[in-house]
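Engineer: In this note's numbering, the protein residues as written are 199 to 780.
#1: Give me, in chain order, the residues of the same chain whose beta-carbon lies closer than 6 angstroms to that of residue 568; leave out the 5 immediate sequence neighbours on both sides.
#2: Quick check on residue 503: does DSSP put it in helix, strand or coil?
#3: Assuming residue 728 and residue 736 make a contact with CB atoms under 8 angstroms, what is their CB distance in whole Å?
#4: Quick test of your reading: residue 284 and residue 347, contact by CB under 8 angstroms. State the CB separation rounded to the nearest angstrom.
#5: Please state whether DSSP places residue 776 in a helix, a strand or coil.
#6: To the nearest angstrom, how far is it from the Cα of residue 480 to the Cα of residue 299?
#7: To test your reading of the DSSP string, which unbroken alpha helix (DSSP H) runs of 4 or more residues are found completely within the segment 288 to 348?
#8: I need the boundaries of the alpha helix (DSSP H) containing residue 706, first residue and last residue.
#9: For residue 187 and residue 506, I'd like the C-alpha separation in whole angstroms.
#10: Determine whether the beta carbon atoms of residue 425 and residue 397 lie at a separation below 8 angstroms.
#11: Using 8 angstroms as the threshold, is the segment 348 to 368 in touch with the segment 382 to 398, meaning 3 or more CB pairs across them?
#12: Once DSSP output is grouped into helix, strand and coil, what is the label at residue 677?
#13: Could you spell out the range, first to last residue, of the beta strand (DSSP E) harbouring residue 220?
#14: Rounded to a whole number of angstroms, what is the C-alpha to C-alpha distance between residue 724 and residue 759?
#15: For the alpha helix (DSSP H) that contains residue 630, what are its first and last residues?
#16: Helix, strand or coil for residue 444 per DSSP?
#17: Drop a sphere of 10 angstroms on the beta-carbon of residue 704, count the other beta-carbons inside from all chains shown, and report buried for 16 or more, exposed for fewer.
#18: Could you please give the first and the last residue of the uninterrupted beta strand (DSSP E) stretch that includes residue 736?
#19: In the structure shown, what three-state DSSP assignment does residue 351 receive?
#20: Measure the alpha-carbon distance for residue 696 versus residue 688 and round it to whole angstroms.
#21: How would you write the range of the alpha helix (DSSP H) that residue 229 sits in, first residue to last?
#22: If you measure between the beta carbons of residue 574 and residue 619, is that distance less than 8 angstroms?
#23: What residue range is occupied by the uninterrupted beta strand (DSSP E) comprising residue 748?
#24: Could you please give me the residues that DSSP links to residue 256 through a beta bridge?
#25: Which residue's Cα is closest to the Cα of residue 577: 515, 778, 286?
#26: Can you tell me whether residue 322 is buried or exposed, with buried defined as 16 or more other CB within 10 angstroms of its CB?
#27: Below 8 angstroms, how does it come out for the segment 292 to 312 and the segment 671 to 684: are there three or more Cβ pairs, yes or no?
#28: Would you kindly work out how many angstroms separate the C-alpha atoms of residue 342 and residue 261, rounded to a whole number?
#29: Put residue 692 into one of helix, strand or coil per three-state DSSP.
#30: Can you look up residue 142 in the DSSP assignment and give me helix, strand or coil?
#31: Within a Cβ cutoff of 8 angstroms, which residues of the same chain sit near residue 524, ignoring the five residues on either side of it in sequence?
#32: With burial defined as no fewer than 16 other Cβ atoms inside 10 Å of the residue's Cβ, what is the status of residue 259: buried or exposed?
#33: Assign residue 326 to buried or exposed, taking buried as 16 or more other Cβ atoms, counted over all protein chains shown, within 10 Å of its Cβ.
#34: Pairing CB atoms from the segment 743 to 757 with CB atoms from the segment 705 to 725, are three or more of them under 8 angstroms?
#35: Between the Cα of residue 709 and those of 340, 658, 500, spot the shortest distance and give me the residue it belongs to.
#36: Note the first and the last residue of the continuous beta strand (DSSP E) segment covering residue 422.
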């Protein structure tokens, strides 16, 4: 039975197509058969009355780490419930395509804060593939809830070609044969429809496990000379290079920009994380945005930053945070995470504390974490009198240095003390510039990773709320048509994916929104257990009643705040999306 959606305010995903009340007819194959301003005959169709509601394309999340979760829970419910109908896997150089369960897990679990005790047994039970073609077949046989596209992870590729030990050594270049193998494997993936290659130059990203603990992930050890043949293959195939620069020196960002330039050659689609209004580095946004504009306008580049369109608020237990990898004292502390007694002995050392204090006070050192303990607030602690206070308040009350307060609490309570801080996008008045910057992709939720450290699953809805509030106030950040486009078609077109746009003949991946419930959208978080992930808890967002329904492939998957029966278990709705140029 087909579906008729009637009387909805229709946003196609094209910023230049004004939203009007329309009626949509979806056939049994999940294709939009008719879009009409005039009422359509209901006949035997299932009818959804969208009077007073919006009809939008399904949204795209272009930066996720669902590579593991999709194996256990192919519905990807935390994204689907917010109207995300397409996600891209394989970010930050880590994918689960080529290597054995232990090597794959050790690449993921520390840097992406995914529990190793869950991921490793899951991979050992499930991994049956040894190539991208076999992985793709495995994924397509799952009860996919939403659509999937994917990058090849460069760390994954490098381990496969070089072996894990050689891939993790400084100054070890891949041999000619290894480079040829990497290119061959990447070409196979691109021919199967993968969107491109993800790389990692950031030294924070480190290995888990007993064998290679605290080594950087393999992509970090590769030179740009070694990557050259892979980058040229991406350029030839009109595929995408995704990367993260060295966030300590930031110099490698220049390499990504140079790679994108199309001077006497075709430009390379290149995207890098992340462009935000950083509390610790307020100059980053204005400087980087100008440089990227120059790369694109002056040097024929096709370069896009990634920008989460929400305040970047994080939550941590003790010092279980990748942010501490940013400076030497924090790095030393994190290295001893498996031996708490040794770590606490280090923290008690006066010389260590003096170094810690000096390093976090360095005003002009590049930083993602602002290291301002006056805006880091305690959420949970065995000493209830500390809850709600920041570390500076406690320091003033006890006449102790704030760093000593922080480190003493870590010794006393370890992960029993939970705290939060906002790293970026804290100034609401600056968000319009981020939203309107032409060379960023408004995404980067990191969905599927950092399960207890952040929750940006509803980033798309938070942006819609801010834009609508500005329209209501008579000071529009942008039109709602442009807002929807930025979250859907703009990104899909850039990644060469046939999705996130509503037109006759297109697949009906769409969302029905109740704008009268827009105040239900918040950035508040709470924990929910992932049943299929050994009931491991994660932070989530909720906005009840705002999303009326989500359709994937012309079928309702979510309605009235509930998933349909069999979702993610026995019924398949989503599909693997191939890059259009494949």
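For glycine and all other residues, C-beta sits at the position ideal for the given N, C-alpha and C.
Structural biologist: So, from the data block:
#1: 477, 478
#2: strand
#3: 6 angstroms
#4: 7 angstroms
#5: coil
#6: 41 angstroms
#7: 299 to 306, 314 to 324, 330 to 338
#8: Segment: none, residue 706 is in no alpha helix (DSSP H) and carries neither H nor E.
#9: Since the first and last residues shown for the chain are 199 and 780, residue 187 lies out of range.
#10: yes
#11: yes
#12: coil
#13: 218 to 224
#14: 17 angstroms
#15: 629 to 634
#16: coil
#17: buried
#18: 734 to 738
#19: strand
#20: 11 angstroms
#21: Here residue 229 belongs to no alpha helix (DSSP H), and DSSP marks it neither H nor E.
#22: yes
#23: 745 to 750
#24: DSSP output for residue 256 lists no bridge partner at all.
#25: 515
#26: exposed
#27: no
#28: 18 angstroms
#29: helix
#30: Beyond the ends of the chain as shown, which are 199 and 780, falls residue 142; an answer cannot be given.
#31: 402, 445, 446, 565, 566, 567
#32: buried
#33: exposed
#34: yes
#35: 658
#36: Element bounds for residue 422: not the beta strand (DSSP E) but the alpha helix (DSSP H), 422 to 435.
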